[in-house]
Amino acid sequence: MSTREPARALAGLRVFVAEDEFHVLQLIEDMLVELGCAISDSVSNVGAALDRAAATQAQVALLDVNLRGKMIFPAAEILRNRGIPIVFSTGYGAEGIAPEWESCPVIQKPFAIERLQAVLTQVAPS
Amino acid sequence: MSQAEVASAVGVDVPGAGLVPLDDILLTEELWRRPRRPPDFAAECRALGKLADALARSPRTILQTLADTLLDVFMADSAGMSLLTANGKNFHWAAIAGAWSPHLGGGTPRDFGPCGDVLDRDQPLLFKHWERRYPYLAEATPLAEEGLLVPFYVGGKAVGTIWTIAHTRRRKFDAEDLRQLESMARFAAAAYQTVQLLDANEASRAALESREAAMQSKQLLEGIIETTPECIKIVAPDGTLLQMNAAGRQMIEAKEGDQVEGANVIDLIAPEFRDTWKQNHRRVCAGEKLSWEFDIVGLDGTRRQMETQASPIRLPDGMVAQLAITRDVTQRKQDDLKIRESEHRFRQLLQALPAAIYTTDPEGRITFYNEAAVEFAGRRPQLGELWCVTWRLYNPDGSRLPHDECPMAIALKENLPVRGAEAIAERPDGTRRWFAPYPTPLRDSEGRLTGAINMLVDITEQKEAERQRKLLIDELNHRVKNTLATVQSLVAQTARSTVDAREFHKAFEGRLLALSHAHNQLSQRRWSDAELQQLLRAGLEPYLIKGNVTLAGDPVKVPPQAALIISMAVHELATNAAKYGALSSPDGRVHLAWTTHANGAGAELCLSWREQNGPPVQKPSHQGFGTRLLERGVELELGGKTLVEFAPGGLRCEIRIPLTHEHA
């Protein structure tokens, strides 16, 4: 595995991760660690996401749209209301996302670490 | 009493015997004895000229002109003309001038009067006081002192007399008067013939004209009646057929020359219609106009259905009969029946079809619907409703579709079939059905719009299938993308724990196949769940064949997510055991057993991995892929718990997974 310089812009960025597939979650976490980010929350279902959204210290949220057949949007709503920028990750493409979320970037799985770096850089608070 | 009446009253019934003899009232001989006055030819010529002129100008009044002239020429008191009547029994005073003029139109009997005497003796006669022999003439006043009569002839036959009368003794007729009167008699004959001719002409012309007119109008009427294709008949109050035209005779199957007049109509009426017919016949003869229907049975036994229009008609004898115009409606009735039967058949056909079908008139009012339409619409429409059998309509985009803009309305308004449309019908119970309408205008044989038929094909299932297919494709896409992401993760994590490509290849391939085995098992059951034992067998097959792994447990099904994690986790345990544990030595054994038991709200699966007879157990120096999966994966993805114990006798691993859980 290649090693890379932690991206300065993302160093220490606290990320809220919602992903129902363990292996994919593992991959994303590894990527975030590699990018120098901190994983503030890891959830694999909407119930857990709702529990954590209100109290999280995250600065950015990377949310899988569909967790075990349930839509992440109610949790995303809370995060948005708290001013936390959101990036959606999905296997469906942008089509499954309601128009009111169209300002949020969407990354399609599977994605390379560079793509993740780019969207996080795009949304991360400066 | 008029003179004519006097004359006819006496007539020939009164015998001449007992009365004054004829010769006693005659003094004809005296004419030659009396001094003869000199002839005035100029006056005579003037008189004849006047008569000729009158004959030419006004022949109708020539007889009266003659009488006036006689009076004038003879300086008589009365003058006139008597004509023998056609029956030869009387003389008729056809023209009179002077004192006797009030007696115009009177006359005397042929065989008992002066004129008759003149004809009998075939010579002029001079009478005096004829009332002595013919008492009835006493009524003809003033009385005649003298009367000179001359016969005149047509075709050698005496037909009348002309005469002059002196009512006083002042005027006595003489031979010159006789000569002049005989001369006038020739003219009288001519005048008489002229008048006769005129009368005859006029009479014959009038007769001819009226006869022709009558004939013509009668022929016309008869022609109309005879050629009318309807039966025209006149029926007497007692039911006797008085008259019937050719069409009627044909309807009752009368042969050429059959006498139908006089027959009783009732015999021709079919028995079950007779009472009604009689009743109506009575009403018509009493003055009502009626129309009704009945069957007749012809003389050859053919039954026909008739429609009659009957009116009362007064016959010349004053009797009121029934005049009827009757139509044979058998064919029309049969056609009507055929049409009704054909309509009935079509309706049955439409009723039997499983598709919702209805029809409308040209204005869009519903005229028919089948039960399938009722079922589809979820309501029973009223006949006469406009455009649709359905309750509410929506466009495919969900907006309301007014009934008067529906495909059926468009088809009718544009007189064109509509194809390819789709709409959603809402039933009164709120359920919605997708449908494809097929509205088609109906036209008669001349192309006029008579209405429309619409078939509503329920495409809800098809639409649902389309939706499902889209969902499936989306889901497949999602799964493929997630699986690729999982593979990406496997690559990354395997790369972390291997030192060269060969080792990576072997480790990665093992994990990929474990994932694939789980997919195979899930695919077999359409991703609903997987049979645990089969799942484990597929993953552990090489070891099961060697016999150093044993499986034990009840049949249990696990959800897809659990199947994937368990499959991968057991693969990691087996790989580890083959490298470092019980499966690395020939005597080593692994017992994999599972149980399910109730746990709170649902069931819990407990999987137990026990290694025996292996090399001494060493706790690994770092947390690898397998450990992370067993501990974090089971917990995060399945809400379960894993306990790994590096016991001296062999590794033990216990995995507990809730089977009814949000994760499941």
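Protein sequences, first through last, are from chains A and B. Straight run, no breaks: the first sequence in this note's numbering ends on number 127. Straight run, no breaks: the second sequence in this note's numbering ends on number 1435. Ideal Cβ positions, reconstructed from N, Cα and C, are used throughout, including at glycine. All values derive from a computational prediction rather than experimental measurement.
Partner residues on chain B for residue i, Cβ-Cβ distance less than 9 angstroms
i: residue 37 (chain A); result: Within 9 angstroms Cβ-Cβ: nothing; residue 37 (chain A) doesn't reach chain B, min ~17 angstroms.
i: residue 118 (chain A); result: Residues of chain B passing the Cβ test: none, with the nearest at roughly 15 angstroms.
Under 7 angstroms from the C-beta of residue i: neighbouring residues of chain A
i: residue 1439 (chain B); result: There is no way to answer for residue 1439 (chain B), as the model of chain B reaches only from 772 to 1435.
i: residue 1358 (chain B); result: Those do not exist, as residue 1358 (chain B) stays about 35 angstroms from chain A at its closest Cβ, beyond 7 angstroms.
i: residue 1132 (chain B); result: The contacting residues do not exist; residue 1132 (chain B) stays about 47 angstroms from chain A at best.
Residue i classed as buried or exposed, judged by whether at least 16 other C-beta atoms fall within 10 angstroms
i: residue 803 (chain B); result: exposed
i: residue 1251 (chain B); result: exposed
i: residue 34 (chain A); result: exposed
i: residue 846 (chain B); result: exposed
i: residue 1288 (chain B); result: buried
i: residue 1115 (chain B); result: exposed
i: residue 45 (chain A); result: buried
i: residue 986 (chain B); result: exposed
i: residue 1431 (chain B); result: exposed
i: residue 1131 (chain B); result: buried
i: residue 90 (chain A); result: buried
i: residue 1393 (chain B); result: exposed
i: residue 913 (chain B); result: exposed
i: residue 937 (chain B); result: buried
i: residue 1102 (chain B); result: exposed
i: residue 958 (chain B); result: buried
Simplified DSSP state of residue i, which is helix, strand or coil
i: residue 912 (chain B); result: coil
i: residue 82 (chain A); result: helix
i: residue 923 (chain B); result: strand
i: residue 1045 (chain B); result: helix
i: residue 830 (chain B); result: helix
i: residue 1396 (chain B); result: helix
i: residue 1076 (chain B); result: strand
i: residue 24 (chain A); result: helix
i: residue 1204 (chain B); result: strand
i: residue 852 (chain B); result: strand
i: residue 168 (chain A); result: With chain A covering only 2 through 127, there is no way to say anything about residue 168 (chain A).
i: residue 65 (chain A); result: strand
i: residue 803 (chain B); result: helix
i: residue 93 (chain A); result: coil
i: residue 876 (chain B); result: coil
i: residue 1190 (chain B); result: coil
i: residue 1023 (chain B); result: coil
i: residue 888 (chain B); result: helix
i: residue 981 (chain B); result: helix
Under 8 angstroms from the C-beta of residue i: neighbouring residues of chain B
i: residue 23 (chain A); result: 1336, 1400, 1403, 1404, 1407, 1408
Contact set between residue i and chain A, taken where Cβ atoms lie within less than 8 angstroms
i: residue 1255 (chain B); result: 110, 111
i: residue 1249 (chain B); result: 67, 91, 92, 93
i: residue 1200 (chain B); result: Within chain A, no residue comes near residue 1200 (chain B); the closest Cβ sits about 29 angstroms away, beyond 8 angstroms.
i: residue 1168 (chain B); result: Correct list: empty, because the minimum Cβ distance to chain A is about 16 angstroms.
N- and C-terminal bounds of the beta strand (DSSP E) containing residue i
i: residue 1210 (chain B); result: Segment: none, residue 1210 (chain B) is in no beta strand (DSSP E) and carries neither H nor E.
i: residue 1370 (chain B); result: 1360-1370
i: residue 1485 (chain B); result: With chain B covering only 772 through 1435, there is no way to say anything about residue 1485 (chain B).
i: residue 861 (chain B); result: 861-869
i: residue 1197 (chain B); result: 1194-1197
i: residue 1066 (chain B); result: 1061-1068
i: residue 1090 (chain B); result: Element bounds for residue 1090 (chain B): n/a, residue is neither H nor E.
Contacts around residue i, its chain only, beta-carbon distance under 7 angstroms, and the 5 residues preceding and following it disregarded
i: residue 55 (chain A); result: 79
i: residue 1304 (chain B); result: 1322, 1324, 1326
i: residue 1001 (chain B); result: 1018, 1096, 1097, 1098
i: residue 834 (chain B); result: 852, 865, 866, 962, 966
i: residue 42 (chain A); result: 17, 18, 53, 57, 59
Span of the alpha helix (DSSP H), counted from its first residue to its last, around residue i
i: residue 41 (chain A); result: Unbroken run through residue 41 (chain A) is the beta strand (DSSP E), 39-44; no alpha helix (DSSP H).
i: residue 1129 (chain B); result: That residue, residue 1129 (chain B), is in no alpha helix (DSSP H); its beta strand (DSSP E) goes 1127-1131.
i: residue 1117 (chain B); result: 1101-1123
i: residue 1339 (chain B); result: 1331-1350
i: residue 1313 (chain B); result: 1303-1317
Proximal residues of chain D, C-beta to C-beta of residue i below 7 angstroms
i: residue 31 (chain A); result: Of the protein chains in this structure, namely A and B, none is chain D.
Contact set for residue i: own chain, Cβ-Cβ below 8 angstroms, skip 5 residues either direction
i: residue 1368 (chain B); result: 1374, 1375, 1377
i: residue 1447 (chain B); result: As shown, chain B starts at 772 and ends at 1435. That puts residue 1447 (chain B) outside it, with no answer to give.
Proximal residues of chain A, C-beta to C-beta of residue i below 9 angstroms
i: residue 1252 (chain B); result: 91, 92, 93, 94, 109, 110, 111
i: residue 1260 (chain B); result: 22, 23, 24, 25, 26, 27, 28, 29, 31, 111
Cutoff 6 angstroms; reference residue i; Cβ partners in own chain excluding five residues on either side
i: residue 11 (chain A); result: 36, 37, 38, 121
i: residue 1082 (chain B); result: 1060, 1094
i: residue 1366 (chain B); result: 1377
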